[in-house]
Every structure is written in C-alpha cells, then in structure tokens.
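In my numbering, the protein residues as written are 305 to 491.
Below: one structure, written as structure tokens.
And the structure:
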C-alpha cells in the first residue's frame with residue numbers, strides 16, 4: 305500500500321544464487337510469472353537444499369570449534385553463507401575462537417573467504433544452477449534478467465573483470481545492477 309501511495313510500480317521478482325567455474329553470482333529476475341511451474345519447482349529444490357546445507361556446514365564448522373545457531377537460522381527462508389557467518393561472528397560463544405584463529409573479529413566476508421568458500425576448511429558444496437541456467441529459467445517465466453552487483457564480484461571476491469565479461473556474454477542479461485551499497489555491520 306505504501307508503494308502504491310507513492311506511485312511506485314512493484315513487479316514480481318526473484319533472486320537466484322547461481323554458481324559456475326567463475327564463482328558464485330546473484331541473478332535477478334523481474335516481471336516474472338511467479339506461477340511458472342518450472343520456475344517454482346526449481347526454486348523450491350534450491351531452497352530445500354539450503355536447509356540441508358545449513359546442517360552440513362554447521363557440523364563442519366563445529367569441527368573447528370564454531371557454534372552455529374541452527375534453530376534460529378533454519379527459520380531464514382533461504383539461508384546463505386552470509387547468514388551463517390553473521391551468526392558465528394555475533395555469537396559471543398565464538399569470540400575467543402575467532403580471536404585465536406583470525407587475530408581479530410573478522411567481518412563476514414573475511415570469515416566466508418577464509419572458512420567457507422571452495423578450497424577452505426569448512427567448504428560444503430551445495431546444489432546450484434549456473435548463471436546461464438538461471439537466466440534461461442527467468443526468461444522461460446517471461447521475466448527480465450539482471451546480473452546483480454557485478455562490482456562486488458570484482459572488488460570483494462577478486463573475480464577477474466574478464467570473467468565478469470564472459471559471464472555477461474553467457475547470460476545475455478537484460479540489465480546490470482550498477483548501484484550497490486555495501487554495508488559492513490562489523491565496523
């Protein structure tokens with residue numbers, strides 16, 4: 305109602321976490337048919353897998369002395385690495401272990417890139433689709449495809465610009481998210 309009163313047009317949208325050999329990316333779909341059976345089924349499969357991922361990664365992190373509030377995080381509709389990292393960093397029980405392991409309390413990006421990403425000690429592979437598949441899924445549901453925050457992949461994750469360009473060539477998005485604000489809760 306608020307958006308309507310301000311003359312803002314709201315369109316059905318979706319954000320899909322996708323992954324390929326270049327890394328993990330967020331693919332946005334706007335103006336989609338949210339009743340599209342293929343889209344609904346694939347999003348449900350990916351969402352269900354995130355719950356399994358939560359339990360697996362919590363067990364792996366426990367091996368390193370980190371406590372994850374699985375009960376709280378299982379209430380998050382689509383739990384991601386960022387949610388898990390924030391939970392660990394915010395939990396006072398993990399403070400000593402974080403200080404011992406990192407020398408300081410890390411921000412979530414540092415925790416993820418040190419502990420949870422591919423090649424890291426607490427890495428758990430999760431089901432995913434490629435950015436190209438996400439784009440195709442969105443288009444099949446009548447939507448417009450947007451690559452979310454490409455600048456983040458370059459500056460926060462170290463993805464080479466050439467990889468972003470090849471990703472764009474593969475996905476053929478209808479748009480790129482060009483304004484993105486990064487907020488670090490730990491600072």
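The beta-carbon is built from N, C-alpha and C at its ideal position, and this holds for glycine as well.
Between which residues of its own chain and residue 383 is the CB-CB distance below 6 Å, once the five residues before and five after are set aside?
Position 79 of the chain shown holds residue 383. 354, 358, 377.
Ends of the alpha helix (DSSP H) at residue 374?
Counting from one through the chain shown, the residue named residue 374 turns up at place 70. Start and end: 374-377.
Drop a sphere of 10 angstroms on the beta-carbon of residue 425, count the other beta-carbons inside from all chains shown, and report buried for 16 or more, exposed for fewer.
One-based indexing of the chain shown puts residue 425 at position 121. Answer is exposed; the Cβ neighbour count stays below 16.
Would residue 451 and residue 420 qualify as a contact pair, given that the criterion is a beta-carbon distance under 8 Å?
As a working mapping, residue 451 is identified with position 147 in the chain shown. As a working mapping, residue 420 is identified with position 116 in the chain shown. No, they are not a contact pair.
By DSSP, does residue 484 sit in helix, in strand, or in coil?
Numbered from 1 along the chain shown, position 180 holds the residue referred to as residue 484. Note: residue 484 maps to coil in three-state DSSP.
Identify whether residue 448 lies in helix, strand or coil by the three-state DSSP scheme.
In the chain shown, residue 448 corresponds to position 144, counting from 1. Looking at residue 448 - three-state DSSP - the assignment turns out to be strand.
Taking only runs of the beta strand (DSSP E) that begin and end inside the region 322-387, which ones reach a length of at least 3 residues, in chain order?
You should have 327-334.
According to DSSP, which residues form a beta bridge with residue 456?
Reading the chain shown from its first residue, position 152 is the one you call residue 456. Paired residue(s): none; residue 456 is not in a bridge.
Whose CA, out of 333, 320, 311, lies closest to the CA of residue 448?
Your numbering for residue 448 matches position 144 in the chain shown. The shortest Cα separation from residue 448 among 333, 320, 311 belongs to 333.
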